[in-house]
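Using my numbering, read the sequence shown as starting at 8 and increasing by one per residue. Worksheet: one structure, shown below.
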Amino acid sequence: MKALVVGNWKMHDTIAQAVQLVDGLLAVVDQFPDTVDVAIAPPFTALQAVSERLRGQSRIALGAQTMHWEDAGPFTGEISPPMLKDLGVGYVIIGHSERRAFCAETDETVNKKAHAALKHAITPIIAVGESLDEKSAGQTKTKVVMQTHAALRDLTSNQIRQIVLAYEPIWAIGTGRSDDPRNADSTMQEIRSANAELQDVRILYGGSVKPQNMAGYAAMPNIDGALVGGASLAADSFAAIVRAAAPR
Ligand code: 13P
Numbered sequence: 008m009k010a011l012v013v014g015n016w017k018m019h020d021t022i023a024q025a026v027q028l029v030d031g032l033l034a035v036v037d038q039f040p041d042t043v044d045v046a047i048a049p050p051f052t053a054l055q056a057v058s059e060r061l062r063g064q065s066r067i068a069l070g071a072q073t074m075h076w077e078d079a080g081p082f083t084g085e086i087s088p089p090m091l092k093d094l095g096v097g098y099v100i101i102g103h104s105e106r107r108a109f110c111a112e113t114d115e116t117v118n119k120k121a122h123a124a125l126k127h128a129i130t131p132i133i134a135v136g137e138s139l140d141e142k143s144a145g146q147t148k149t150k151v152v153m154q155t156h157a158a159l160r161d162l163t164s165n166q167i168r169q170i171v172l173a174y175e176p177i178w179a180i181g182t183g184r185s186d187d188p189r190n191a192d193s194t195m196q197e198i199r200s201a202n203a204e205l206q207d208v209r210i211l212y213g214g215s216v217k218p219q220n221m222a223g224y225a226a227m228p229n230i231d232g233a234l235v236g237g238a239s240l241a242a243d244s245f246a247a248i249v250r251a252a253a254p255r
């Protein structure tokens, strides 16, 4: 399967900083292996500027970090799927644990957003993951399989085949405590088994991915790339992760 590496810039970078970062990536884009797809998800405020920079090339795709599920309406502060399409957005991260924790994202809204993304031909990257308490209680697999089932509710087989999943253990995000690749692979195998249609769906690992540990994940049979936070904020470290993500 072709790998996918996505940079989730989270709430970082002004427009000028974002343009500098994307220009840094475009300068090294010819080092990206053909076996790896690449996407970056800047904050909403930088999407237009980054989209303009990415125009005319096909190596780096544009993603958003969330969206609303309705096309338009009285939802102050929200951004809709058609607005993202307008900007050339091809991927949207849905259900990131930070949005579940701080922005009232639930299994139900994740499912609505998955439907909306697919309706508008935006690829949803659906994030699941367990907390440290859940991990300690031995509930990792139950939790992520439940989240996956809830996210996929009422999607057709054909739609499920178009999504991307991201397994991000919450305790590994931004902590420098990345999951052991074999352990992550085993959890991701469980997620894959949750639904027959997930056999050929890409599942990304996320949580303290760095240039030094990416190859360990890429070597695992159920890990098809990475969702990268902190290390996606510098062109050299993100490019090194992309190079290390080539399937072997
Ligand atoms: P870090 O790579 O900074 O741990 O963040 C992971 C993440 O949350 C990506 O969505």
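Ideal Cβ positions, reconstructed from N, Cα and C, are used throughout, including at glycine.
Assuming the contact rule is C-beta atoms closer than 8 Å, residue i and residue j should be a hit. Round their C-beta distance to whole Å, please.
{"i": "residue 93", "j": "residue 154", "result": "Not confirmed; about 30 Å, so no contact."}
{"i": "residue 71", "j": "residue 99", "result": "5 Å"}
{"i": "residue 29", "j": "residue 61", "result": "7 Å"}
{"i": "residue 253", "j": "residue 42", "result": "5 Å"}
Would you say residue i touches the ligand 13P, meaning its beta carbon is less than 8 Å from a heavy atom?
{"i": "residue 235", "result": "yes"}
{"i": "residue 75", "result": "no"}
{"i": "residue 213", "result": "yes"}
{"i": "residue 182", "result": "yes"}
{"i": "residue 112", "result": "no"}
{"i": "residue 216", "result": "yes"}
{"i": "residue 122", "result": "no"}
{"i": "residue 148", "result": "no"}
{"i": "residue 126", "result": "no"}
Could you check what DSSP says for residue i in three-state terms: helix, strand or coil?
{"i": "residue 130", "result": "strand"}
{"i": "residue 161", "result": "coil"}
{"i": "residue 44", "result": "strand"}
{"i": "residue 15", "result": "strand"}
{"i": "residue 251", "result": "helix"}
{"i": "residue 237", "result": "helix"}
Quick check on this structure: which residue in the options has the alpha carbon closest to the alpha carbon of residue i?
{"i": "residue 15", "options": "253, 251, 255, 242", "result": "242"}
{"i": "residue 175", "options": "169, 168, 192, 163", "result": "192"}
{"i": "residue 19", "options": "254, 249, 250, 236", "result": "236"}
{"i": "residue 91", "options": "118, 39, 123, 38", "result": "123"}
{"i": "residue 68", "options": "95, 157, 39, 180", "result": "95"}
{"i": "residue 222", "options": "248, 105, 117, 51", "result": "248"}
{"i": "residue 230", "options": "202, 196, 250", "result": "196"}
Cβ-heavy atom distance between residue i and the ligand COA below 8 Å?
{"i": "residue 64", "result": "Looking for the ligand COA in the displayed structure turns up nothing; the ligands present are the ligand 13P."}
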